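Heads up, the thing below is written out as structure tokens.
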Amino acid sequence: MTSGLKLNKSKCTVLRVGKLKQSNVQYKKEMKFNWTSDEATTLGITLTNNEKDTPDKIKRTQLIQSVENGGIQLTNIDSFLNAIKCSWIKRYLDNTNTSKWKLFYQKILKKYGDSFLFECNISNTILHEIANENIFLSDVLSASSDVTHNLETQTSSKTIL
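Listed below in structure tokens is the structure:
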């Protein structure tokens, strides 16, 4: 059962931020959103780009803290994205998964040690080699290495030279 609620695309404005603020890139062109790099208004609040590239008014490390510690429990976007990338590894290592996408990645990973890579602290040289073949795999391996080897409980790490 659906609510019948529909998106009014003519009133949707997408504000380009960060690296994209100087570009004219438009994703999902078929949606016909209004794209801008200047400002967008939502619920009466005008949002703008940080034109002067000044530092954040409040440190992001503070914003992700709990309310008790003076933060607002904002999601740490870097950790969130790393978690999503690492969740891919679980699907890759699942032996019952025989999807065709897995064969594509197995071909690349076998050159570098296959699933053993997920247990290692991978050198930047190997990451660059893999990135030349597949940037997604390089991102996943980098995220996995960051998450796995930055844990305080980690007792040892192996580096692939």
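Numbering (the working numbering), first residue to last: 67 to 227.
Where is the CB? At the ideal position from N, CA and C, for every residue including glycine.
Please read all numbers here as calculations on a predicted model, not as lab measurements.
Residue i and residue j closer than 9 Å at C-beta
i	j	result
L203	Y171	yes
T79	A106	yes
I150	L140	no
K87	N115	yes
S132	Y158	no
Assumed close pair residue i, residue j - CB separation to whole angstroms, cut-off 8 Å
i	j	result
S211	N187	6 Å
Y178	I196	7 Å
L81	T102	6 Å
N148	A209	4 Å
Residues that DSSP places opposite residue i in a beta bridge
i	result
T79	N100
Residue from the options with nearest C-alpha to residue i
i	options	result
F184	D205, S165 and W167	D205
D122	G84, L109, L159 and S89	G84
E199	D180, R157, S181 and I174	I174
K125	L109, N90, G110 and N142	N142
I155	S69, K72, Q92 and V213	V213
L73	K98, L207 and V91	K98
ask   = Whole beta strand (DSSP E) runs in the stretch 97-160 with 3 or more residues, listed along the chain?
value = 100-102, 105-108 and 111-114
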